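Number 448 in my numbering belongs to position 267 of the sequence shown; there are no gaps in the numbering.
Here is the structure we will look at.
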Amino acid sequence: MRLRRDAAQPTLAAMKTDVIDPAVASQPAPSVPDPKAPIPRQIRYIIGNEGCERFSFYGMRNILTVFLTTSLLMYLPEAERGSAAKEVFHTFVIGVYFFPLLGGWIADRFFGKYNTIFWLSLVYCLGQACLALFVTNRLGFYVGLSLIALGSGGIKPCVSAFVGDQFDQTNKHRAKVVFDAFYWIINFGSLFASGLMPIFLRSFGPRIAFGIPGALMFVSTFILWIARQQYVMLPPTPPDPHSFFNVSRSALMSGTRGRVLAIMGAAAAIGSFLLMPKFGFVIAACLALVAVIGFGGTGVWIQLDAVRGKHPEEAINGVRSVLRVLVLFALVTPFWSLFDQKASTWVLQADGMTKPSWFQSSQMQALNPALVMLLIPFNNLVLYPALRRRGYEPTALRRMTAGIAFAGMSWIVVGAMQMVLNGGNAFSIAWQILPYTLLTLGEVLVSATGLEFAYSQAPLAMKSAIMAFWSLSVTIGNLWVLVVNAGVKNDRVIGFIKSSGVEITAFQMFFFAVFAFAGRVNGTGWRELAGIEAEGFDVNHAGVEIGVNF
Numbered sequence: 182m183r184l185r186r187d188a189a190q191p192t193l194a195a196m197k198t199d200v201i202d203p204a205v206a207s208q209p210a211p212s213v214p215d216p217k218a219p220i221p222r223q224i225r226y227i228i229g230n231e232g233c234e235r236f237s238f239y240g241m242r243n244i245l246t247v248f249l250t251t252s253l254l255m256y257l258p259e260a261e262r263g264s265a266a267k268e269v270f271h272t273f274v275i276g277v278y279f280f281p282l283l284g285g286w287i288a289d290r291f292f293g294k295y296n297t298i299f300w301l302s303l304v305y306c307l308g309q310a311c312l313a314l315f316v317t318n319r320l321g322f323y324v325g326l327s328l329i330a331l332g333s334g335g336i337k338p339c340v341s342a343f344v345g346d347q348f349d350q351t352n353k354h355r356a357k358v359v360f361d362a363f364y365w366i367i368n369f370g371s372l373f374a375s376g377l378m379p380i381f382l383r384s385f386g387p388r389i390a391f392g393i394p395g396a397l398m399f400v401s402t403f404i405l406w407i408a409r410q411q412y413v414m415l416p417p418t419p420p421d422p423h424s425f426f427n428v429s430r431s432a433l434m435s436g437t438r439g440r441v442l443a444i445m446g447a448a449a450a451i452g453s454f455l456l457m458p459k460f461g462f463v464i465a466a467c468l469a470l471v472a473v474i475g476f477g478g479t480g481v482w483i484q485l486d487a488v489r490g491k492h493p494e495e496a497i498n499g500v501r502s503v504l505r506v507l508v509l510f511a512l513v514t515p516f517w518s519l520f521d522q523k524a525s526t527w528v529l530q531a532d533g534m535t536k537p538s539w540f541q542s543s544q545m546q547a548l549n550p551a552l553v554m555l556l557i558p559f560n561n562l563v564l565y566p567a568l569r570r571r572g573y574e575p576t577a578l579r580r581m582t583a584g585i586a587f588a589g590m591s592w593i594v595v596g597a598m599q600m601v602l603n604g605g606n607a608f609s610i611a612w613q614i615l616p617y618t619l620l621t622l623g624e625v626l627v628s629a630t631g632l633e634f635a636y637s638q639a640p641l642a643m644k645s646a647i648m649a650f651w652s653l654s655v656t657i658g659n660l661w662v663l664v665v666n667a668g669v670k671n672d673r674v675i676g677f678i679k680s681s682g683v684e685i686t687a688f689q690m691f692f693f694a695v696f697a698f699a700g701r702v703n704g705t706g707w708r709e710l711a712g713i714e715a716e717g718f719d720v721n722h723a724g725v726e727i728g729v730n731f
């Protein structure tokens, strides 16, 4: 499960914090919180909606790889099924973390949060229905995955911001209780979905196994809908002439160097699409996106001072802060490459291990939410205080680089286990507990800390841009998985791997471990490169909790 900032997150245009009910807008708003103010009654419906939606999402996602290799992709030779399943799975994840940009934009500019959540939830329901109906039809099944990516990704930036809209000055201090409830219900939803859905897949077949998450998504949407008269619904916001993207566009077009870099970015993006015949549309499109962000970001950085006077100083400094944070996000992408493969590569490895007849390989994923609930309080109450007593301050950057290192170590472990399996020596699936523990510890250190640190470096008006790029970092992380997966199909690459004496799967595992350590080493110098101050930052500052990404 992906960690998140447990506060009212923005959609793509703005972050709403202090919200006043339109019904009482004409009355003077209290300037101080009311200790006796209750939690808004409508919050329980949003929590119920979120709990069902998360069970639905994790329920279908955590059986996806197994279903692909044992059913939908059976037409492929056995040696190719695992690789093909990984391509489908990580393409799906790329969509889930790309579409928050679209969802946040239409919520802020056109339809508002409630309407965006409701209508995209119906798209989500349709996608879940397609999975259950088309378990033997590849095209229909892939259409279902696309609709789920659009629906799940589209509502992702809206739900927590919609929760924040329900509070006003009198009861905003109660928001922490609500987000704590969100945290627990999402963790438990993921835990039970991971534990139960593989059993349903084995015992009742894919139609029932995908039908149950679909039914939960319909229930989730109904729970949201029945309280529609109770919600505080803020109207869409007008365009901001000094938003991140408007300031960046002005800077890019303000001088020759910026225009040249913009042209280079456009040319590189077009060139990326020339790779489509070999790598497919998704890889080509993502590489084009990386090219545009890389060249465009460099051009904006160079030309930013040229737009002083056209935009407020605060907006210009905010854009500069976001660009600095992009360095951090780029270094975090290897972590997402490793983390999301626990639901693909690690499940495929578990298939080759010994286990009780009643236990399914994909059930090991239930370890992740269980360990998250254990490690977060352990770190906050035991580990960090112990380090401070010994004179070592666990700053944000230290936590993140340590987290990436733990993720890399987890892949060294699974790589070593894969070599043992390749040697014909079967052993218990229980050995995967070790890499799961290392990876989840890395998740706790990287995910929440990275996003909180990024928030601390940018002004309020730029929080929306931070959220957009954070989602894109997950997309790019999964892109690297697809690129590596495509690379090992090349004859020269295969020949090189065979000459090393290591089997292809184990080689890939060690490659991703090295990839993570390279990101960790580069991270030690990124602070000087980006010019960001890390000291004094505390991920657990007031008003912030750690939870799972919506």
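The beta carbon of each residue, even a glycine, is placed where N, CA and C say it ideally should be.
Please read all numbers here as calculations on a predicted model, not as lab measurements.
Backbone CA spacing between residue i and residue j [nearest angstrom]
| i | j | result |
| --- | --- | --- |
| ASN352 | PHE291 | 28 Å |
| ILE336 | ARG570 | 43 Å |
| PHE516 | LYS217 | 44 Å |
| ARG222 | GLU684 | 57 Å |
| VAL665 | ARG438 | 34 Å |
| ALA687 | MET581 | 26 Å |
| PHE691 | ALA597 | 8 Å |
| VAL359 | GLY293 | 22 Å |
| ARG235 | PRO387 | 19 Å |
| VAL674 | GLY668 | 7 Å |
| LEU307 | TYR573 | 52 Å |
| GLY395 | LEU303 | 11 Å |
| ALA466 | GLY475 | 14 Å |
| PHE696 | PHE520 | 12 Å |
| GLN411 | GLY584 | 42 Å |
| TRP365 | ASN659 | 27 Å |
| GLU494 | LEU405 | 41 Å |
| TRP612 | PHE238 | 27 Å |
| PRO417 | GLY232 | 26 Å |
| SER591 | VAL553 | 16 Å |
| GLY370 | ALA469 | 36 Å |
| LEU257 | ASP672 | 19 Å |
| GLN689 | ILE220 | 50 Å |
| ASP202 | ALA408 | Since pLDDT at ASP202 reaches only 38, below the 50 mark, its modelled position is unreliable, and the value read off the structure follows with that caveat. Using only the alpha carbons, I get a separation of about 16 Å. |
| VAL428 | ALA635 | 19 Å |
| SER502 | ALA699 | 24 Å |
Distance between beta carbons of residue j and residue i, contact taken as under 8 Å
| i | j | result |
| --- | --- | --- |
| VAL625 | ASN560 | 6 Å |
| ILE298 | CYS339 | 5 Å |
| PHE510 | PHE650 | 6 Å |
| THR246 | LEU529 | 7 Å |
Collapsed DSSP secondary structure at residue i in the structure displayed
| i | result |
| --- | --- |
| THR418 | coil |
| SER681 | coil |
| TYR323 | helix |
| ASP672 | helix |
| GLU574 | coil |
| LYS294 | helix |
| LEU254 | coil |
| GLY332 | helix |
| LYS267 | helix |
| LEU455 | coil |
| ARG409 | coil |
| CYS339 | coil |
| VAL528 | helix |
| THR351 | coil |
| THR317 | coil |
Residues that DSSP places opposite residue i in a beta bridge
| i | result |
| --- | --- |
| SER609 | THR535 |
| ARG489 | HIS492 |
Closer than 7 Å: residue i CB and nearest the ligand COA heavy atom
| i | result |
| --- | --- |
| ALA330 | As far as ligands go, the structure on display features none, and thus does not contain the ligand COA. |
Three or more C-beta pairs below 8 Å linking the stretch 216 to 232 and the stretch 371 to 389: Contact between the stretch 216 to 232 and the stretch 371 to 389 is absent: fewer than three C-beta pairs spanning the two stretches fall below 8 Å.
Any contact of the stretch 492 to 503 with the stretch 459 to 476, i.e. 3+ C-beta pairs under 8 Å? no
Spell out a yes or no on whether the stretch 426 to 435 and the stretch 486 to 493 are touching, meaning 3 or more CB-CB pairs, one atom from each, closer than 8 Å. yes
Are three or more beta carbon pairs between the stretch 253 to 273 and the stretch 524 to 532 nearer than 8 Å? Yes, the stretch 253 to 273 is in contact with the stretch 524 to 532.
Any 3 or more C-beta pairs closer than 8 Å across the stretch 529 to 536 and the stretch 602 to 620: yes
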